[in-house]
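Taking it in order: structure first as structure tokens, then the write-up.
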Amino acid sequence: MNIKKAKEEIKNTVRAYLKKDADGEYMIPAIRQRPILLIGPPGIGKTQIMEQIARECKVGLVSYTITHHTRQSAVGLPFIVEEEFDGKKYSVTEYTMSEIIASVYRKIKESGIPEGILFIDEINCVSETLAPTMLQFLQCKTFGNQEIPKGWIIVAAGNPAEYNKSVREFDMVTLDRVRKINVEADFNIWKEYAINSHINRAIINYLELRPNNFYKVEADIDGMQFVTARGWEDLSNLYDTYNEIGIKVDEDIIAEFIQHEDTAKDVAAYFELYEKYKNNYGILDILAGNPGKQVYQNIFDASFDERISVVNLLISGLEVSFHKVSLNKMITDIWYDFLKKYKNGLEENGYEQKECRDTAGIGQDGSIFADMFEQKKIEFDRSKKAGFLSRDEIKANEYIIEKLSKTHISSEKDADAAFREALTGFECMRQELEKSEDLASEQLENVFLFIEEAIGAGQEMVVFVTELTLNSETAMFLSDNPSEKYLKYNSELLVGTKKEEILSKLRKDEIYGEEHVRDF
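Residues in the sequence shown are numbered consecutively from -12, following the working numbering.
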């Protein structure tokens, strides 16, 4: 199955295993909660989906790559204790707590979340001395004589033997005690993740045109050559950062991530084209509604694949604005929720509060605001440590906590006056959200107008509307800020069907290969 389906299956398993009956007991007893064994090629996102599952299910996650461990760190160190049997004393070997199990208890203590997932990666690549321990772990859910805490679900992952010489096959006895899920690489599924994770559009567009280059593992006389999903994502992160600091990403750098010679050369050639299009077409000018006259002539003379690249560059520019709106909205919503709770607290208790200290910022002991602020920080810290928050959620909460720390409440005896002081800064944030929404709406309309005037409502428009539909931040923006042109073209064009037909044409040699080989 693909990684998306595997994720849903594991999420359903977590929900089922943690479901309790009326007496508070797990409906599926721990002994019947089979560990999940996820087998798939390297670099397809097995670890990432575990992080997503833990965040979405609001449970803890402890993740280990087991090949980094020895038997002693996994099981614990032996020590001698004295016990008495039938009146005689004997020396008995016990073990200290496993480092892995200790990490589970540490996670519970730090996050305050009693349930979670213990994820063990590369489980079928352990050393010979550790192999029996791993079999015991899967069969009995223990390391040595210590059990995994109740409410913690075991998920293990490994690679098929053809990808790793160190793989040890599990026997039937072990496999009969786990739920084995085989996962395969799938570009279309990865693309959904890539778009919503802000993978560079140059990479996404390249793989749209060359989907067979998404995942490769080949052995030849020079050794193993390969391309993985992990490689594309890591290349994207470096590409974005290098662009920010003005460093060119050439073939040698690409080959550090895309370890397949022909593919690395092809990507390098496409990146050069992509950068050329960015400069030639003045993407920022088009977004601002000021395309130069020469731009219209350039796109009129352009090949179809060049036009598609320009469309993707425009989408990339829009996504920056949509992301800014999404972050501003998140900040505004979290801040509004805090203020709403504060207002309710003032209405219920405000007139009974003592005079706050006349100091700037937080520090008014005993005030509702100070208590709520401290609770906010505690909740944020716990959620962050538990791994429940995305990067943007962390950024939004840190921004709000910094702003709230500078809020001055003179007195809570007058609830209305106290609330007005608490509003300091929020109105500016709300206006910032509106400005970002207005800018994104304006840019979207400018791009629609440019495509209409320069190309028309043809195949390029189909690609543009389809790509807008796939981005969750864009979908949220369009839900809150409807665009007449988007609604018009989305209803008129058979988006899914036409887009696949277009891409099929692009992949044929007469469109992307022989005719335009000069571009590469």
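Ideal Cβ placement from N, Cα and C applies to all residues, glycine included.
Every value quoted in this text rests on a predicted model; they were computed, and no experiment measured them.
Original post:
Can you tell which of Glu205, Trp219, Glu171, Val113 has the C-alpha that lies nearest to the C-alpha of isoleucine 191?
Top reply: Numbered from its first residue, the sequence shown carries residue 191 at position 204. Isoleucine 191 has its Cα closest to that of Trp219, out of Glu205, Trp219, Glu171, Val113.
Original post:
Among Ala441, Gly30, Asn468, which residue has its Cα nearest to the Cα of glutamate 429?
Top reply: Locating residue 429 in the sequence shown gives position 442, where the first residue counts as 1. Nearest option by C-alpha distance: Asn468.
**OP:** Go through its chain and collect everything with a Cβ distance to isoleucine 110's Cβ below 7 Å, but skip five positions before and after it.
**Re:** Residue mapping note: residue 110 aligns to position 123 of the sequence shown, counting from 1. Excluding residues within five positions, the ones whose Cβ falls inside 7 Å are Ile53, Met121, Ala143, Ala144, Gly145.
Original post:
Taking Cβ positions, are arginine 294 and glutamate 432 nearer each other than 8 Å?
Top reply: The sequence position of residue 294 within the sequence shown is 307, counting from 1. The sequence position of residue 432 within the sequence shown is 445, counting from 1. No, the Cβ-Cβ distance between arginine 294 and glutamate 432 is not below 8 Å.
Subject >> Under the three-state DSSP convention, the category threonine 215 falls into >> reply: Your numbering for residue 215 matches position 228 in the sequence shown. Coil at threonine 215, not helix or strand.
Original post:
So is alanine 181 buried or exposed if we call it buried at 16+ other beta carbons inside 10 Å?
Top reply: Here residue 181 refers to the residue found at position 194 of the sequence shown. Alanine 181 should be labelled buried.
Original post:
Under the three-state reduction of DSSP, which class applies to leucine 24: helix, strand or coil?
Top reply: Along the sequence shown, one-based indexing puts residue 24 at 37. Of the three classes helix, strand and coil, the one that applies to leucine 24 here is strand, per DSSP.
Subject >> Closest by C-alpha distance to asparagine -11, when choosing among Ile18, Ile36, Gln20 >> reply: By 1-based counting over the sequence shown, the position of residue -11 is 2. The candidate whose alpha carbon is nearest that of asparagine -11 is Ile36.
Original post:
If phenylalanine 375 sits next to arginine 42, beta carbons under 8 Å apart, how far is it from one beta carbon to the other, in whole angstroms?
Top reply: Position 388 of the sequence shown, counting from 1, holds the residue named residue 375. Position 55 of the sequence shown, counting from 1, holds the residue named residue 42. Going by Cβ atoms, the distance from phenylalanine 375 to arginine 42 rounds to 5 Å, so yes, they are a contact pair.
Original post:
By how many angstroms is the C-alpha of valine 91 removed from the C-alpha of tyrosine 51?
Top reply: On the sequence shown, residue 51 is found 64 positions in, with the first residue counted as 1. On the sequence shown, residue 91 is found 104 positions in, with the first residue counted as 1. Approximately 11 Å, taken between the alpha carbons.
Original post:
Out of curiosity, what's the CA-to-CA distance linking methionine 317 and leucine 410?
Top reply: Position 330 of the sequence shown holds residue 317. Position 423 of the sequence shown holds residue 410. Each residue's alpha carbon lies about 17 Å from the other.
**OP:** Would you mind reading off the limits of the alpha helix (DSSP H) that contains aspartate 320?
**Re:** For this step, residue 320 is matched to residue 333 along the sequence shown. Note, aspartate 320: alpha helix (DSSP H), 291 to 336.
Subject >> Exposed unless 16 or more other CB atoms sit within 10 angstroms - verdict on tyrosine 323 >> reply: Here residue 323 refers to the residue found at position 336 of the sequence shown. Classification for tyrosine 323: exposed.
Original post:
Looking only at C-alpha atoms, which of Thr319, Glu102, Thr0, Thr129 sits nearest to isoleucine 417?
Top reply: Taking the first residue of the sequence shown as position 1, residue 417 is located at position 430. The residue asked about is misnamed: residue 417 is arginine in this sequence, not isoleucine. Among Thr319, Glu102, Thr0, Thr129, the Cα nearest to that of arginine 417 belongs to Thr319.
Subject >> phenylalanine 130 versus glutamate 385: straight-line alpha-carbon distance, rounded >> reply: Taking the sequence shown and counting its residues from 1, the one referred to as residue 130 is at position 143. Taking the sequence shown and counting its residues from 1, the one referred to as residue 385 is at position 398. Taking the straight line from one Cα to the other gives about 38 Å.
**OP:** List the residues that DSSP assigns as beta-bridge partners of arginine 166.
**Re:** Against the sequence shown, residue 166 aligns to sequence position 179. Paired residue(s): Ile23.
Subject >> Alpha-carbon to alpha-carbon, aspartate 108 and glutamate -4 >> reply: Indexing the sequence shown from 1 puts residue -4 at position 9. Indexing the sequence shown from 1 puts residue 108 at position 121. Spanning the two alpha carbons is a distance of roughly 18 Å.
**OP:** Can you tell me which of the three DSSP states phenylalanine 157 falls into?
**Re:** As a position in the sequence shown, residue 157 is number 170, starting the count at 1. Coil.
**OP:** Could you tell me which of Phe72, Gly269, Phe66 sits nearest to glutamate 81, measuring between CA atoms?
**Re:** Translated into the one-based positions of the sequence shown, residue 81 becomes position 94. The shortest Cα separation from glutamate 81 among Phe72, Gly269, Phe66 belongs to Phe66.
Original post:
What do you reckon, are the CB atoms on lysine 178 and threonine 250 nearer than 8 Å?
Top reply: For this step, residue 178 is matched to residue 191 along the sequence shown. For this step, residue 250 is matched to residue 263 along the sequence shown. Their beta carbons are not under 8 Å apart, which means lysine 178 does not touch threonine 250 by this criterion.
Subject >> As assigned by DSSP and simplified to three states, the class of aspartate 358 >> reply: Sequence index remark: in the sequence shown, residue 358 carries index 371 (1-based). Three-state DSSP puts aspartate 358 in a helix.
**OP:** Specify, as a first and last residue, the run of the alpha helix (DSSP H) that proline 119 falls within.
**Re:** Counted from its first residue, the sequence shown places residue 119 at position 132. Unbroken alpha helix (DSSP H) run through proline 119: 118 to 127.
Original post:
Pick from Gly138, Trp139, Gln123: whose alpha carbon is nearest that of asparagine 132?
Top reply: As a position in the sequence shown, residue 132 is number 145, starting the count at 1. For the residues Gly138, Trp139, Gln123, the minimum Cα distance to asparagine 132 belongs to Gln123.
Original post:
Once you ignore the five residues that flank arginine 164 on each side, which residues in its own chain have a CB closer than 7 Å to its CB?
Top reply: The sequence position of residue 164 within the sequence shown is 177, counting from 1. So the qualifying residues of the chain are Arg21, Leu125, Gln126.
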